[in-house]
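Last residue of the sequence shown? That's 641 in our numbering, and every number before it is there in order. Glycine included, C-beta positions come from ideal geometry on N, C-alpha and C.
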Amino acid sequence: MEIKVTVKQLGRKHPVLTLQSLEIDYHQDSISLGNLLKLIVQQQVQAFNAKPFEVEDEDLSKIPQENYLNILTDTGKIGFDSIYNQKRADLGKAQENAIQAFEDGIFVVFYNDEQIESLTQAIDLSLQHTFTFIRLTFLAGSYW
């Protein structure tokens, strides 16, 4: 099933990632948020593990286009899709981390501008609305 996803960060006018379509291995109309997060993480881990490794002595230059570089610097992370660490992502641990991050309030999920507040909340995928993931940033400060 294909779902539409946008990732944003508070305080940014533009999304960190523009609208993307993700293909998840699910064929029913209703799903809980917990299961959806696990399926999205599964798809992302499979995509990551399928990327080839770059050997450091063969550092192939992957120069981004000029307009793309501005987007990367705005997000605070510049990468060229090269993977130098030869460890594969662990699916179980990645799914566990995503669930824990949601429970800890590291990010929130919206479906058609409605916040999903529980991992057990049912989502009607037949509506084909866009999911929006917003990463929350904690403020640093001191006690007065």
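A direct Cα-Cα distance of roughly 14 Å separates R632 from N594. The Cβ-Cβ distance between V605 and F628 does not fall below 8 Å.
Using a 10 angstroms sphere on the CB of L622, the tally of other CB atoms reaches 16 or more, which defines it as buried. In the three-state reduction of the DSSP assignment, K548 falls in the coil class. In terms of CA proximity to K584, F545 leads the group F545, Q506, Y523. A distance of 8 Å or more separates the beta carbons of Q540 and L588. DSSP, reduced to helix, strand and coil, places A619 within a strand of the structure shown. Just so you know, the alpha carbons of D526 and L534 end up roughly 15 Å apart. In this structure, DSSP gives K584 a state outside helix and strand, which the three-state scheme calls coil. Per DSSP, reduced to three states, the secondary structure at L530 is helical.
Distances from the CA of Q517 to each of L624, I537, S615 were compared; the closest alpha carbon is that of I537.
The C-alpha of H524 is placed about 10 Å away from the C-alpha of E499.
Within the DSSP bridge table, the entry for Q506 names R632 as partners. Distance from the CA of L519 to the CA of K501, rounded to the nearest whole angstrom, comes to 6 Å.
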